[in-house]
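Heads up: the sequence shown at position 51 corresponds to 80 in our numbering, and the numbers run straight through without jumps.
Built from N, CA and C at the ideal position, the CB exists for glycine as well.
None of these values were measured; they are calculated from a predicted model.
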Amino acid sequence: MDRFVRNVAIVTLGLLALIFINTYIGAKLGNELGGVDDVVETIAVEGHDKEPRPVLELPGDTEVGAFTIASLGVGLIIGYTWRKIFSEKGEHEEL
Numbered sequence: 030m031d032r033f034v035r036n037v038a039i040v041t042l043g044l045l046a047l048i049f050i051n052t053y054i055g056a057k058l059g060n061e062l063g064g065v066d067d068v069v070e071t072i073a074v075e076g077h078d079k080e081p082r083p084v085l086e087l088p089g090d091t092e093v094g095a096f097t098i099a100s101l102g103v104g105l106i107i108g109y110t111w112r113k114i115f116s117e118k119g120e121h122e123e124l
């Protein structure tokens, strides 16, 4: 396992641990673990005459699939340029 993969794995596991710890604390405190979408939307549209509507509405699980494909594309782009951005000069010339 090279250094990049090891560092990404460590960061990913750290973020997952943080998410699980925060969820556990929230559940133990008895807080409702609902999202803030409705609160933010209500604050954003207060005092406006327009009803809120999504920019792009996709039926069913199509939205999840679209975000998955978009994140795959962004991941490929970031992965391809990662070495060019963070490597030493001349190290990435064989790419």
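When the beta-carbon positions are compared, Ala95 and Leu87 come within less than 9 Å of each other. In the displayed model, Gly102 falls within a helix according to three-state DSSP.
Across the structure, Gly102 and Leu47 are spaced so that their CA atoms are roughly 26 Å apart. In the three-state reduction of the DSSP assignment, Gly55 falls in the helix class, which pools H, G and I.
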